[in-house]
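This report refers to the structure that appears directly beneath it.
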Amino acid sequence: MADPKDSINIENVVASTGIGQELDLQSVAMDLEGADYDPEQFPGLVYRTQNPKSAALIFRSGKIVCTGAKSTDDVHESLEIVFDELRELHIQVEEEPEIIVQNIVSSADLSRNLNLNAIAIGLGLENIEYEPEQFPGLVYRLDDPEVVALLFGSGKLVVTGGKKVDDARQAVDVIVKRLEDLGLLE
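Quick note: the sequence shown uses this note's numbering, first residue 168, plus one each step.
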């Protein structure tokens, strides 16, 4: 049987940083080619990078959130592009602003159908939310690593809340072990 960890795919990495000063987003939007700024819709300016693909949400406070990247390296590369673009607009950006990974969303596949009702009972209700009328997946909160896993009847799962790439691997290990212990992974 294939190792479910081999199916892990990073879907999104969200990270935050800042340049330590307030920005006039209206003027940045006018000077930064490709920037989207519509304060009626969203309080931040949206600047998309194509290679690597991501979106930087730049706020008046100088805080920046990068989302949509597929790896932590892509986050750093994307934000470096953003920092360089801001420097070209004569905005002071320190040499290497701190970048903090806030959330890594990964998917994986256990390669078999899951009986979510049995899993909900087996795992115990304190760490589980399962209301199939509201949402087709079972929400499983793990303590170590501290992530949330969404399990679906198809055997697919999504791990969110990770801060390190390895969190998804650990989570898949924990889930597989618990389901095997319960006899629910045949």
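Just so you know, even glycine gets a beta-carbon here, dropped at the ideal spot from N, CA and C.
Going by DSSP in three states, Gln217 sits in which element: helix, strand or coil? In the sequence shown, the residue the question calls residue 217 occupies position 50. In the structure shown, Gln217 sits in a strand (DSSP, three-state: E or B).
Looking only at DSSP bridge pairs, what is Ser273 linked to? Position 106 of the sequence shown, counted from the first residue, corresponds to residue 273. Note: Ser273 sits in a beta bridge opposite Ile177, Val326.
Looking at Val232 and Val181, is the spacing between their C-beta atoms short of 9 Å? What you label residue 181 is simply residue 14 of the sequence shown in a count that begins at 1. What you label residue 232 is simply residue 65 of the sequence shown in a count that begins at 1. In contact: Val181 and Val232 (Cβ atoms closer than 9 Å).
In this structure, how does DSSP classify Val260 when only helix, strand and coil are distinguished? The residue you call residue 260 lines up with position 93 of the sequence shown. Coil, per DSSP.
Check whether the stretch 284 to 294 and the stretch 323 to 339 touch, using three or more Cβ-Cβ pairs below 8 Å as the test. no
With the cut-off set at 9 Å, would you say Val339 and Glu178 are in Cβ contact? Residue numbering aside, residue 339 sits at position 172 when the sequence shown is read from its first letter. Residue numbering aside, residue 178 sits at position 11 when the sequence shown is read from its first letter. Going by C-beta atoms, Val339 is not nearer than 9 Å to Glu178.
According to DSSP, Gly121 sits in a beta bridge with which residue or residues? For residue 121 there is no data in the structure shown, the boundaries of the chain being 168 and 353.
I need the boundaries of the alpha helix (DSSP H) containing Val249, first residue and last residue. On the sequence shown, residue 249 is found 82 positions in, with the first residue counted as 1. Counting along the chain, the alpha helix (DSSP H) containing Val249 begins and ends at 239 to 255.
Could you give the residue range of the beta strand (DSSP E) that holds Ala236? Within the sequence shown, the letter at position 69 stands for residue 236. Here the beta strand (DSSP E) through Ala236 covers 230 to 236.
Three-state class that DSSP yields for Asp342 in the structure shown: One-based indexing of the sequence shown puts residue 342 at position 175. The sequence shown places Ile at residue 342, rather than the Asp named in the question. Of the three classes helix, strand and coil, the one that applies to Ile342 here is helix, per DSSP.
Determine whether the beta carbon atoms of Leu188 and Gly229 lie at a separation below 9 Å. For the purposes of this step, residue 188 is taken as residue 21 along the sequence shown, with counting starting at 1. For the purposes of this step, residue 229 is taken as residue 62 along the sequence shown, with counting starting at 1. Correcting the residue type first, residue 188 is Gln in the shown sequence and not Leu. A contact, by the Cβ cut-off of 9 Å.
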